[in-house]
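**Q** Positions -22 to -1, 1 to 176 (mature numbering (1 follows the signal peptide of the UniProt record, and there is no 0)) are the ones given, in order, by the sequence shown.
The structure's right below; bear with me while I get my questions together.
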Amino acid sequence: MCLRHLLLCLLAIVVIVNESKASWEEWWTYDGISGPAFWGLINPQWSLCSKGRRQSPINIEPDKLLFDRHLRPVLVDKHKVSGHLHNTGQFLLFRADREAKVRVNITGGPLAYHYQFEEIYIHYGMDNDHGSEHHINNYAFPAEIQVYGFNAELYHNMSEAKHKSQGLVAISLMVQLGESLNSELRIITSAFNQVLHR
């Protein structure tokens, strides 16, 4: 009888361990022991997060940036895009339809390749003081819109490009609150109250 209970306990532990491995992405936050300072310790696959190189989120300090007067502007094609809006429980995710006949390209600036728009992440907080993932001079914006594209010259899709050199481009737009309304943005912001609090 005791051996049977021991085996059941071991089986329960294995199930719990396997379940916890599958849910890492649901566990992270931006605060406390599950925040950015601990991401590399929580999950071995995120070990680069603890090394402090090429990581996100960051605090941008404008007085430490170098101005490049030869830098070209970033160009984004102006085509209407259809897609689906998903609530991940951490942020809103807009994913463009892959069957679209017209693609939105991102080029110029420091980019050496053409990138094809694929996703938008929208980060926002429960109040207007903290919603952006990144900061500027330690200031958190009410929201942040991140536009992602994949290198369409070297890779076939976002999944293939995700872990490759020059594979992705990300553009962050910091959002401030204002008086004027934007009808296109309103389509997306109407889903904000459905996102679970982290």
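From the three backbone atoms N, C-alpha and C, an ideal C-beta is built for every residue, glycine too.
1. If we count Cβ pairs, one from each stretch, closer than 8 Å, do we get three or more for the stretch 32 to 46 versus the stretch 58 to 72?
2. For I165, is the classification buried or exposed, using 16 other Cβ atoms within 10 angstroms of its Cβ as the cut-off for buried?
3. Which residues bound the alpha helix (DSSP H) around R164?
4. In three-state DSSP terms, what is L19?
5. When DSSP labels each residue in this structure, what does G127 get in the three-state scheme?
6. Where are the alpha helix (DSSP H) runs, 4 residues long or more, that stay fully inside the stretch 77 to 165, in chain order?
7. Quick check: the Cα distance between F95 and D55, rounded to an integer number of angstroms?
8. G127: buried (16+ other C-beta within 10 angstroms of its C-beta) or exposed?
9. Is it right to say G67 is buried, meaning 16 or more other beta carbons lie within 10 angstroms of its own, or is it exposed?
10. With a 10 Å radius around its C-beta and 16 neighbouring C-beta atoms as the bar for buried, classify H101 as buried or exposed.
11. With 16 other CB atoms within 10 Å as the buried threshold, where does Y117 fall?
12. Could you check the C-alpha separation between W64 and S168 for me, to the nearest Å?
13. If you follow the beta strand (DSSP E) that G61 is in, where does it begin and where does it stop?
**A** On the basis of the coordinates in this document:
1. No: the two stretches stay apart, fewer than three of their Cβ pairs being nearer than 8 Å.
2. So I165 counts as exposed.
3. Taken as a continuous stretch (DSSP letters only), the alpha helix (DSSP H) holding R164 covers S161 to T167.
4. Correct three-state label for L19: helix.
5. Reduced to three states, the DSSP call for G127 is strand.
6. The stretch 77 to 165 contains these whole alpha helix (DSSP H) runs: 136 to 139.
7. In a straight line, the C-alpha of F95 is about 9 Å away from that of D55.
8. Burial call: buried.
9. Taking all protein chains in view, the Cβ of G67 is surrounded by fewer than 16 other Cβ atoms within 10 Å, so the residue is classified as exposed.
10. Buried, because 16 or more other Cβ atoms sit within 10 Å of the Cβ of H101.
11. The C-beta of Y117 has fewer than 16 other C-beta atoms within 10 Å across all chains shown, which makes the residue exposed.
12. It should be noted that the sequence gives His, not Trp, for residue 64. Rounded to the nearest angstrom, the gap between the Cα atoms of H64 and S168 is 13 Å.
13. Unbroken beta strand (DSSP E) run through G61: G61 to N65.
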